[in-house]
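The structure appears below as structure tokens.
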Amino acid sequence: MKHFLDIHKTDAADLRAMINSARAMKIARNDRPKGEPDDVQPLAGRMVALIFEKPSTRTRVSFDVGVRQMGGQTMVLSGKEMQLGHGETIADTARVLSRYVDLIMIRTYEEATLLEMAEHATVPVINGLTNRTHPCQIMADVMTYEEHRGPIAGRQVVWAGDGNNVCASFLHAAGQFGFDFTFTGPETLEPEDKFVGFARGKGSRVVMERDPLRAVQGADLVVTDTWVSMHDPESAKERRHNQLSPYQVNDALMAHAKPDALFMHCLPAHRNDEVTSAVMDGPHSVVFDEAENRLHAQKAVMRWCLGV
Ligand code: CP
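As numbered in the working numbering, residues 1 to 308 make up the sequence shown, in order.
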């Protein structure tokens, strides 16, 4: 069973093949007249369940569109409306869904929910974000970097702000794709040791740098994310803003990175909190390419899961 649960759990050669496949599908699709279906319909006759226990715009739409472009069909399910939200076990839900559908994508809170779903499903399961990681996002980000600047291996990626679930998947990618990673943010919001340890164990240079201006020197890519994640309590908001305001990505910070450095944000962004509008809409920013590439990268992930 080829589940796509996390970047560090997936073979590096397979990750590379998925990025290459995503790029090829994007080029092939963009070369076709608008409105014409893809030549290849590898998901024809397949049904994909997309389960959301948290809100989503990009993940929801890009998976739905991606399946349809490949000839498959989707059902978008909200956790609250399923019996899952009313006491049915995850294991039983996994067993039942496996009798109906060919692939399950789930966005959920606890990593344990994802893992239980994968353990009991007899069809592949894809991680569409948990409180701990967001691997599909980082597949799109690696693809986006390489589209603009060539191989990401050996590059310097700087994460500014909260060491959250997206940051964790970036650390996994640092190990698997061979780039270096600097985290700049408050000590209390550093990514967990196990994520850092994975990247270091694979040979990536990982640095914790409290000073954001020093952190971005020599950066090829500067990344940030919302200061308060979906699973953080509302009460954390004011404290987070106070802690993280020195790490806002603005023109002054970007001026210390390499002149051709890219800026990424997985979106949704809180403009003028973690990033200024000037940077979001400025020459370094590739945030909307990232959003588009969710579609192409996830198509490759689904094909890998299903072996089609
Ligand atoms: N980046 C991302 O996962 O966006 P959504 O929360 O809108 O799916």
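Idealized CB from N, CA, C, for every residue including glycine. The model shown is predicted, which means the values in this text are computed figures rather than measured ones.
To the nearest angstrom, how far is it from the Cα of alanine 24 to the Cα of arginine 239?
Position 24 of the sequence shown, counted from the first residue, corresponds to residue 24. Position 239 of the sequence shown, counted from the first residue, corresponds to residue 239. Each residue's CA atom was taken as its position, placing alanine 24 and arginine 239 some 44 Å apart.
With 16 other Cβ atoms within 10 Å as the buried cut-off, status of serine 62
Within the sequence shown, the letter at position 62 stands for residue 62. Burial check for serine 62: the Cβ neighbour count within 10 Å reaches 16 or more, so the residue is buried.
7 Å Cβ shell around phenylalanine 198 - same chain, five flanking residues per side excluded
Looking up residue 198 in the sequence shown gives position 198. Excluding residues within five positions, the ones whose Cβ falls inside 7 Å are His8, Leu171, His172 and Gly175.
For proline 212 and glycine 185, what's the separation of their Cα atoms in angstroms?
Here residue 212 refers to the residue found at position 212 of the sequence shown. Here residue 185 refers to the residue found at position 185 of the sequence shown. Distance between the alpha carbons of proline 212 and glycine 185: 7 Å.
Proximity winner among Glu274, Arg210, His241 and Thr74, relative to leucine 50 (alpha-carbon distances):
Taking the sequence shown and counting its residues from 1, the one referred to as residue 50 is at position 50. When each option's Cα is compared against that of leucine 50, the closest is Thr74.
Within this structure, are the beta carbons of threonine 133 and proline 268 separated by less than 8 Å?
Here residue 133 refers to the residue found at position 133 when the sequence shown is read from its first residue. Here residue 268 refers to the residue found at position 268 when the sequence shown is read from its first residue. No, the pair does not count as a contact, with Cβ atoms beyond the cut-off.
With distance defined between alpha-carbon atoms, name the residue in His296, Pro33 and Val228 nearest to glycine 161.
As a position in the sequence shown, residue 161 is number 161, starting the count at 1. Of the candidates His296, Pro33 and Val228, the one whose C-alpha sits nearest the C-alpha of glycine 161 is Val228.
If you draw a straight line from the alpha carbon of lysine 194 to that of phenylalanine 181, how long is it in whole angstroms?
The sequence position of residue 194 within the sequence shown is 194, counting from 1. The sequence position of residue 181 within the sequence shown is 181, counting from 1. The alpha-carbon atoms of lysine 194 and phenylalanine 181 are separated by roughly 14 Å.
Let's test the definition: count the other Cβ atoms within 10 Å of the Cβ of histidine 270 and tell me whether it reaches 16, buried, or not, exposed.
Taking the sequence shown and counting its residues from 1, one reaches residue 270 at position 270. With fewer than 16 other Cβ atoms within 10 Å, it is exposed.
CA-to-CA distance, valine 48 to cysteine 305, given in whole angstroms:
Residue mapping note: residue 305 aligns to position 305 of the sequence shown, counting from 1. Residue mapping note: residue 48 aligns to position 48 of the sequence shown, counting from 1. Their Cα atoms are separated by approximately 12 Å.
CB alanine 153 to CB phenylalanine 179, shorter than 8 Å?
Counting from one through the sequence shown, the residue named residue 153 turns up at place 153. Counting from one through the sequence shown, the residue named residue 179 turns up at place 179. Result yes, Cβ atoms of alanine 153 and phenylalanine 179 sit closer than 8 Å.
In the DSSP assignment, find the beta strand (DSSP E) that holds alanine 49 and state where it starts and stops.
Residue mapping note: residue 49 aligns to position 49 of the sequence shown, counting from 1. Note, alanine 49: beta strand (DSSP E), 47-52.
Methionine 302 lies in the alpha helix (DSSP H); which residues open and close that run?
Here residue 302 is taken as the residue at index 302 of the sequence shown, counted from 1. According to the DSSP assignment, methionine 302 belongs to the alpha helix (DSSP H) that extends over 287-306.
Sub-8 Å separation of valine 216 and tryptophan 159 beta-carbons
Looking up residue 216 in the sequence shown gives position 216. Looking up residue 159 in the sequence shown gives position 159. Not in contact: valine 216 and tryptophan 159 (Cβ atoms no closer than 8 Å).
What does the alpha-carbon distance come out to for the pair valine 157 and aspartate 31?
What you label residue 157 is simply residue 157 of the sequence shown in a count that begins at 1. What you label residue 31 is simply residue 31 of the sequence shown in a count that begins at 1. Taking the straight line joining both Cα atoms gives about 31 Å.
From which residue to which residue does the beta strand (DSSP E) around arginine 311 run?
Only positions 1 to 308 of the chain appear in the structure, and residue 311 is not among them; the question remains open.
Classification of glycine 163 by the beta-carbon crowding that lies within 10 angstroms, buried from 16 upward:
In the sequence shown, residue 163 corresponds to position 163, counting from 1. With a threshold of 16 other beta carbon atoms within 10 Å, glycine 163 meets it and is buried.
In three-state terms, what does DSSP make of threonine 10?
Numbered from its first residue, the sequence shown carries residue 10 at position 10. It is coil, neither helix nor strand.
If I'm right that histidine 284 touches alanine 261 with Cβ under 8 Å, what's the distance once you round it to whole angstroms?
Counting from one through the sequence shown, the residue named residue 284 turns up at place 284. Counting from one through the sequence shown, the residue named residue 261 turns up at place 261. Confirmed, about 6 Å.
Ignoring anything shorter than 4 residues or poking outside the segment 148-235, list the alpha helix (DSSP H) runs there in chain order.
Those alpha helix (DSSP H) runs which fall completely within the segment 148-235 and span 4+ residues are 165-177, 193-201 and 212-216.
Report yes if the C-beta of phenylalanine 271 is less than 7 Å from at least one heavy atom of the ligand CP; otherwise report no.
Sequence index remark: in the sequence shown, residue 271 carries index 271 (1-based). Position check: residue 271 holds arginine in this sequence, whereas phenylalanine was assumed. Taking 7 Å as the cut-off, one finds no heavy atom of the ligand CP near enough to the beta carbon of arginine 271.
Histidine 296 Cβ short of 7 Å to the ligand CP heavy atom set
For the purposes of this step, residue 296 is taken as the residue at position 296 of the sequence shown. No, the ligand CP has no heavy atom inside 7 Å of this Cβ.
Thinking aspartate 220 and arginine 155 are a contact (beta carbons under 8 Å), I'd like their distance in whole angstroms, please.
Position 220 of the sequence shown holds residue 220. Position 155 of the sequence shown holds residue 155. So it is a contact: roughly 4 Å between Cβ atoms.
Please report the distance separating the alpha-carbon of alanine 118 from that of glutamine 83.
In the sequence shown, counting from the first residue as 1, residue 118 sits at position 118. In the sequence shown, counting from the first residue as 1, residue 83 sits at position 83. The alpha-carbon atoms of alanine 118 and glutamine 83 are separated by roughly 18 Å.
Using the Cα positions of histidine 148 and glutamine 41, report the straight-line distance between them to the nearest angstrom.
Here residue 148 corresponds to residue number 148 of the sequence shown, with the count starting at 1. Here residue 41 corresponds to residue number 41 of the sequence shown, with the count starting at 1. In a straight line, the C-alpha of histidine 148 is about 28 Å away from that of glutamine 41.
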